[in-house]
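J.: Okay, here's the structure, questions in a sec.
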Amino acid sequence: MLYKAEVKVALKQAVLDPQGSTVEGAVKSLGYKGVSQVRIGKLIEMTVEAESEEQAGTLVTELAKKILANPVMESFTYSLTEVK
Amino acid sequence: MRFGVTVFPGTNCEMDTLHALREALGYEADYIWHQERDLSRFDAVVIAGGFSYGDYLRTGAVARFSPVMEAVAEFAEQGRLVLGVCNGFQILCEAGLLPGALQRNVHLQFRCSWSHLRVENNATPFTSACREGQVLQVPVNHGEGNYFADADTLAELNRNHQVLLRYCDADGSVDPAISPNGSVENIAGISNKQGNVMGLMPHPERAAEAILGSTDGRYIFTSMVNYVTGRTARV
């Protein structure tokens with residue numbers, strides 16, 4: 001079966017995000033109020049062939065830990081959707 | 085004394101490094117293509133700077149899975165010397181051969197400028213030719229040199245004297261305002277716990293000849309040669 005995987009990689013909360021701070025500054029300078037804690041991450045999409053959703057999840061987790069995210073400063077979440 | 089200089093797709097400092105080692109310092113040096121696995125002919129390996137694999141995903145994230153990096157890990161495991169410069173530092177962190185990670189510069193700007201570095205520990209194979217507290221003038225050239233490590237890792241680095249170089253001013257004063265990238269505790273270069281793997285963002289190979297404005301980069305390479313050959317040459 002085919003699954004579409006979306007892996008979201010984000011900087012850990014303890015890690016400063018200079019890009020996020022810069023975008024937040026730009027949003028504020030545009031005059032918008034009430035916007036804070038802007039953080040920038042990555043969205044990685046892929047199609048995964050696996051026998052079950054569980055197996056696809058195991059593979060995506062392994063990839064995220066091994067290469068997609070750097071555990072020193074990043075965390076990840078993912079979602080799977082079956083491709084029909 | 086023979087150095088190996090790694091070349092990945094996107095590496096761009098290999099020629100400078102080879103030139104510095106061969107012509108400026110007079111040692112033997114050869115390139116190591118990223119598909120190679122045999123490093124037995126080398127006494128030390130330099131992971132040269134550049135933009136391996138276009139810095140895609142994260143700096144060094146793709147290069148670390150190259151065949152040569154497996155060989156570099158074994159080489160390091162044997163206690164032999166590995167020096168990572170700039171992108172080489174990033175690759176060594178990604179590979180887990182050095183702790184921590186390198187993040188986007190805090191001001192988001194690419195920095196190409198001279199930097200001053202204070203030698204924090206001269207009892208290592210990479211800094212033995214320096215005096216403790218000596219200030220080296222070596223250029224930086226990077227957009228992602230902002231060293232990050234969590235509090236526990238930092239404490240361990242400091243406890244084990246693994247911070248070898250910090251950004252400082254010309255007088256050796258370490259002030260966060262002087263850092264070109266926002267590195268935690270002004271860290272410019274570290275070693276692993278065993279002391280045989282070093283990474284630094286500044287480029288010692290670009291400060292190896294007087295005509296380039298500084299010869300302070302020679303201290304790093306001369307220290308390595310002294311360690312490998314057992315001599316005690318000065319810079």
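Chains A and B supply the protein sequences, listed in that same order.
For the first sequence, position 32 (counting from the first letter as 1) is numbered 32 according to the numbering used here, and the numbering increases by one without interruption.
Just add 84 to the spot in the second sequence (first one is 1) and you have the numbering used here.
C-beta: ideal position from N, C-alpha, C; glycine also.
#1: Taking only three categories from DSSP, how would you classify HIS200/B?
#2: Could you tell me if VAL83/A is buried or exposed, where buried requires 16 or more neighbouring beta carbons within 10 angstroms of its beta carbon?
#3: Count the other C-beta atoms from every protein chain shown that fall within 10 angstroms of the C-beta of PRO71/A, then say buried if there are 16 or more, exposed otherwise.
#4: Tell me the rounded alpha-carbon separation between TYR78/A and GLU53/A.
#5: Hey, how far is the Cα of PRO260/B from the Cα of LEU16/A?
#6: Does DSSP classify ILE40/A as helix, strand or coil?
#7: Helix, strand or coil for CYS177/B? Go by DSSP, reduced to three states.
#8: Evaluate GLU98/B with the Cβ neighbour count: other Cβ atoms within 10 Å of its Cβ, from every protein chain shown; 16 or more gives buried, anything less gives exposed.
#9: To the nearest whole angstrom, what separates the beta carbons of PRO223/B and ARG290/B, a pair I think is in contact under 8 Å?
#10: Could you have a look at GLY57/A and say whether DSSP puts it in helix, strand or coil?
#11: Between ALA50/A and the rest of its own chain, which residues show a CB-CB distance below 7 Å, the 5 nearest in sequence each way excluded?
#12: For ASP139/B, name the three-state secondary structure that DSSP assigns.
#13: Take the Cβ of LEU220/B as the centre, count every other Cβ of all protein chains shown within 10 Å, and call the residue buried at 16 or more, exposed below.
#14: In three-state terms, what does DSSP make of MET285/B?
#15: Under 8 Å between C-beta atoms, does MET46/A make it to chain B?
#16: Could you tell me the distance, in whole angstroms, from the CA atom of ALA132/B to the CA atom of GLY34/A?
#17: Which residues, in chain order, does the stretch 228-241 of chain B contribute to contact with chain A at a C-beta distance below 9 Å?
#18: Cβ closer than 7 Å: which chain B residues qualify as neighbours of THR22/A?
#19: Rounded to whole angstroms, what's the CA-CA distance from ARG195/B to THR81/A? Just pull it up for me.
#20: Name the two residues that bound the continuous beta strand (DSSP E) containing LYS8/A.
#21: Once the 5 residues before and after GLU112/B are set aside, which same chain residues still bring their CB inside 6 Å of it?
#22: Going straight from the alpha carbon of ALA69/A to that of VAL9/A, what length do you get?
#23: Would TYR231/B pass as a contact of GLY180/B if the rule is Cβ separation under 8 Å?
#24: With DSSP collapsed to three states, give me the class of THR47/A.
#25: In chain A, what lies closer than 9 Å to ARG106/B by C-beta?
#26: Listed in chain order, which residues of the stretch 132-147 of chain B have Cβ atoms closer than 9 Å to some Cβ of chain A?
#27: Contact check, LEU182/B vs THR208/B under 8 Å by CB: the rounded distance?
#28: When you compare only the Cα positions, how much space is there between ILE82/B and ASN205/B?
#29: Could you give the DSSP three-state label for THR299/B: helix, strand or coil?
T.: Taking the coordinates as given:
#1: The residue you call residue 200/B lines up with position 116 of the second sequence. For HIS200/B, the secondary structure class from DSSP, reduced to helix, strand or coil, is strand.
#2: Stepping through the first sequence from its first residue, residue 83/A is reached at position 83. By the neighbour-count definition (other C-beta atoms within 10 Å, threshold 16), VAL83/A is an exposed residue.
#3: Along the first sequence, read from residue 1 onward, the residue named residue 71/A stands at position 71. PRO71/A should be labelled exposed.
#4: Position 78 of the first sequence, counting from 1, holds the residue named residue 78/A. Position 53 of the first sequence, counting from 1, holds the residue named residue 53/A. Rounded to the nearest whole angstrom, the CA to CA distance from TYR78/A to GLU53/A is 12 Å.
#5: Residue 260/B sits at position 176 when you count from the first residue of the second sequence. Residue 16/A sits at position 16 when you count from the first residue of the first sequence. Computed Cα separation, rounded: 15 Å.
#6: The residue given as residue 40/A occupies position 40 in the first sequence. Here ILE40/A sits in coil by DSSP.
#7: In the second sequence, the residue the question calls residue 177/B occupies position 93. Reduced to three states, the DSSP call for CYS177/B is helix.
#8: Sequence index remark: in the second sequence, residue 98/B carries index 14 (1-based). With 16 or more Cβ atoms within 10 Å of its Cβ, GLU98/B is classed as buried.
#9: To locate residue 223/B, count along the second sequence from 1; it is residue 139. To locate residue 290/B, count along the second sequence from 1; it is residue 206. With a Cβ gap of about 5 Å, PRO223/B and ARG290/B count as contacting.
#10: Reading the first sequence from its first residue, position 57 is the one you call residue 57/A. In this structure, GLY57/A counts as helix in the three-state DSSP scheme.
#11: As a first step, residue 50/A is located in the first sequence; it is residue number 50 there, counting from the start. MET1, TYR3, ALA56 and LEU59.
#12: Position 55 of the second sequence, counting from 1, holds the residue named residue 139/B. ASP139/B: helix per DSSP, three-state reduction.
#13: Sequence index remark: in the second sequence, residue 220/B carries index 136 (1-based). Answer is buried; the Cβ neighbour count reaches 16.
#14: As a position in the second sequence, residue 285/B is number 201, starting the count at 1. In this structure, MET285/B counts as coil in the three-state DSSP scheme.
#15: Position 46 of the first sequence, counted from the first residue, corresponds to residue 46/A. It does not: the Cβ of MET46/A has no partner Cβ on chain B nearer than 8 Å.
#16: The residue labelled residue 132/B in the question sits at position 48 within the second sequence. The residue labelled residue 34/A in the question sits at position 34 within the first sequence. Roughly 46 Å separates the two Cα atoms.
#17: Sequence-ordered contacts of the stretch 228-241 of chain B with chain A read ASN230, PHE232, ALA233, ASP234, ALA235 and THR237 [C-beta pairs closer than 9 Å].
#18: Working through the first sequence from its first residue, we reach residue 22/A at position 22. Result: LEU192.
#19: Reading the second sequence from its first residue, position 111 is the one you call residue 195/B. Reading the first sequence from its first residue, position 81 is the one you call residue 81/A. Each residue's Cα considered, the two are about 42 Å apart.
#20: Here the question's residue 8/A lines up with position 8 in the first sequence. Going by DSSP, LYS8/A is part of the beta strand (DSSP E) stretching over 2-11.
#21: Mapped onto the second sequence, residue 112/B falls at position 28. A distance below 6 Å between beta-carbons, with the five flanking residues on each side excluded, links GLU112/B to the following residues of its chain, in chain order: ARG86.
#22: Sequence index remark: in the first sequence, residue 69/A carries index 69 (1-based). Sequence index remark: in the first sequence, residue 9/A carries index 9 (1-based). Between ALA69/A and VAL9/A, the C-alpha separation is close to 6 Å.
#23: Locating residue 231/B in the second sequence gives position 147, where the first residue counts as 1. Locating residue 180/B in the second sequence gives position 96, where the first residue counts as 1. In this structure, TYR231/B sits away from GLY180/B, with a CB-CB distance that is not shorter than 8 Å.
#24: Mapped onto the first sequence, residue 47/A falls at position 47. Strand, per DSSP.
#25: What you label residue 106/B is simply residue 22 of the second sequence in a count that begins at 1. Result: empty, since nearest Cβ-Cβ is about 35 Å, beyond 9 Å.
#26: Within the stretch 132-147 of chain B, contact with chain A at the beta-carbon level (separation under 9 Å) is assigned to LEU141, ARG142, ALA145 and VAL146.
#27: As a working mapping, residue 182/B is identified with position 98 in the second sequence. As a working mapping, residue 208/B is identified with position 124 in the second sequence. Contact between LEU182/B and THR208/B does not hold, since the beta-carbon distance rounds to 13 Å and is not under 8 Å.
#28: Because chain B in this structure spans residues 85 to 319, residue 82/B falls outside the shown range and cannot be described.
#29: Within the second sequence, residue 299/B is the residue found at index 215, counting from 1. THR299/B falls in the coil class under three-state DSSP.
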